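Taking it in order: structure first as structure tokens, then the write-up.
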Amino acid sequence: MNYCYRHPDVETGVSCQRCERYICPECSTPGAVGFICPEDAKDKAPIRRPAFQQGLISRAPITMTLIGVNVAVYLLLQLGLPIVDMLAFMRVGQGIEYGSPLRAFTSAFVHSPSMFTHILFNMYSLFVLGTLLEPMLGKLKFSLLYVLGIFGGSMGFFLFAELGAVVVGASGAIFALMGAYLIYLRALRLDTRQLLVILVINVVVSFLPGIAWQAHFGGFIFGALTALAYTRFSRPDQRVMLYSSIALLVAALVGLWIYGNQVMPPVY
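Just so we're aligned, residue 433 is where the sequence shown starts under my numbering, counting upward by one.
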């Protein structure tokens, strides 16, 4: 765990881009790249080793691994392997394996084999958001955020898509990263207008034919709630509250799954 050098009781994943000391939102000053501490903001110390000069794998290993897995699955699809049928998530009715929790997870790593822009836009978004958020959150919190985003997106699709609908792609998890980034910008008291414009554009795109808006909204909600727990309960003495909040989100996903299976008509 990393703590602010000025507030030792505040956990943080943000470091000064000039001296590399860890700083909390209260001590962060926006710089040309990233954030700087109060001393460097005042003294304008020379940049020693900015984070963007670090290797991508060392700076965001989970993000780069996720991109690698998605690309590998896409390449297997190009070889004609029936991966979509094996991994896609379909809301077809009660008790059907295509609607299993496992497929709710694996479908986030499959992209349309006939639409290159599907994986291109998703992986570009994952790269941009992942390399911003993972260094701030750390590997564990970022991984948990991504997984909750996957299941949040799948539950949104599960509850609101029509019977027989199919969903694949990382969009639910990526919208979770967008929701989390919005919460962190607000916590750091930074300008959110640019991100809000991007979100509005994505919301409009979500309602185009062939796009699962349900997964986008489900992922965004769970990503924002996860980041809200991270920012609200960041001190060491608040860990119980943080763990309880994450457990509550997991319980909500389980409850939505049970509810969906109860109200969904059986298929024979």
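Glycine is no exception: its CB is placed at the ideal position from the N, C-alpha and C atoms.
Small disclaimer: the values here were computed from a predicted structure and weren't measured.
Using the DSSP secondary-structure output, state which residues sit across from residue 435 in a beta bridge. Taking the first residue of the sequence shown as 1, we reach residue 435 at position 3. Paired residue(s): 443.
Contact set for residue 469: own chain, Cβ-Cβ below 7 Å, skip 5 residues either direction: One-based indexing of the sequence shown puts residue 469 at position 37. Here the set comprises 448, 451, 453, 455 and 459.
Might you give, ordered along the chain, the residues of its own chain that have their beta carbon closer than 6 Å to the beta carbon of residue 438, omitting 5 neighbours on each side? What you label residue 438 is simply residue 6 of the sequence shown in a count that begins at 1. Residues of the same chain with a CB within less than 6 Å of the CB of residue 438, apart from the 5 flanking positions on each side, are 459 in chain order.
Relative to the alpha-carbon of residue 515, which residue among 491, 545 and 497 has its alpha-carbon at the smallest distance? Taking the first residue of the sequence shown as position 1, residue 515 is located at position 83. The shortest Cα separation from residue 515 among 491, 545 and 497 belongs to 545.
Going by DSSP, what residue range makes up the alpha helix (DSSP H) through residue 695? To locate residue 695, count along the sequence shown from 1; it is residue 263. Per DSSP, the continuous alpha helix (DSSP H) segment holding residue 695 begins and ends at 671 to 695.
In or out: residue 573 buried (at least 16 other Cβ within 10 Å) or exposed? As a working mapping, residue 573 is identified with position 141 in the sequence shown. Under this definition residue 573 is a buried residue.
Helix, strand or coil for residue 547 per DSSP? Taking the sequence shown and counting its residues from 1, one reaches residue 547 at position 115. DSSP places residue 547 in coil when its eight states are reduced to three.
Can you list, in chain order, the residues of its chain whose CB lies under 7 Å from that of residue 624, leaving out five sequence neighbours each side? For the purposes of this step, residue 624 is identified with residue 192 of the sequence shown, where counting begins at 1. Taken in chain order, the residues that qualify are 614, 617 and 618.
Give me the residue from 500, 608, 636 and 587 with the minimum Cα distance to residue 552. Stepping through the sequence shown from its first residue, residue 552 is reached at position 120. Taking each of 500, 608, 636 and 587 in turn and checking the Cα distance to residue 552, the smallest one comes out for 500.
By the DSSP assignment, the alpha helix (DSSP H) with residue 598 in it spans what residues? To locate residue 598, count along the sequence shown from 1; it is residue 166. First-last for residue 598: 597 to 599, but that is the beta strand (DSSP E), not the alpha helix (DSSP H).
Could you check what DSSP says for residue 665 in three-state terms: helix, strand or coil? Within the sequence shown, residue 665 is the residue found at index 233, counting from 1. Correct three-state label for residue 665: coil.
Euclidean distance between Cα positions of residue 587 and residue 536: Translated into the one-based positions of the sequence shown, residue 587 becomes position 155. Translated into the one-based positions of the sequence shown, residue 536 becomes position 104. Each residue's alpha carbon lies about 8 Å from the other.
Whole angstroms is fine: what's the gap from residue 601's alpha carbon to residue 436's? Within the sequence shown, the letter at position 169 stands for residue 601. Within the sequence shown, the letter at position 4 stands for residue 436. Between residue 601 and residue 436, the alpha-carbon positions lie close to 37 Å from each other.
For residue 692 and residue 686, I'd like the C-alpha separation in whole angstroms. Indexing the sequence shown from 1 puts residue 692 at position 260. Indexing the sequence shown from 1 puts residue 686 at position 254. One Cα belongs to residue 692, the other to residue 686, and the distance between them is close to 10 Å.
So, do the segment 638 to 656 and the segment 665 to 680 have three or more beta carbon pairs nearer to each other than 8 Å? Fewer than three beta-carbon pairs drawn from the segment 638 to 656 and the segment 665 to 680 are found closer than 8 Å, and the two stretches are therefore not classed as touching.
Should residue 626 go down as buried or exposed, given a rule of 16 or more other Cβ atoms within 10 Å for buried? For this step, residue 626 is matched to residue 194 along the sequence shown. In summary, residue 626 is exposed, with fewer than 16 beta-carbon neighbours lying within 10 Å of its beta-carbon over all protein chains present.
Tell me the rounded alpha-carbon separation between residue 563 and residue 496. Stepping through the sequence shown from its first residue, residue 563 is reached at position 131. Stepping through the sequence shown from its first residue, residue 496 is reached at position 64. Roughly 9 Å separates the two Cα atoms.
Let me know if residue 683 comes out buried or exposed under the rule of 16 or more other beta-carbons within 10 Å of its beta-carbon. In the sequence shown, the residue the question calls residue 683 occupies position 251. The residue in question, residue 683, is exposed, as its Cβ has fewer than 16 Cβ neighbours within 10 Å.
Given 8 Å as the limit, is there contact between the segment 638 to 652 and the segment 579 to 595, that is, 3 or more CB pairs closer than that? Contact between the segment 638 to 652 and the segment 579 to 595 is established, with three or more Cβ pairs separated by less than 8 Å.
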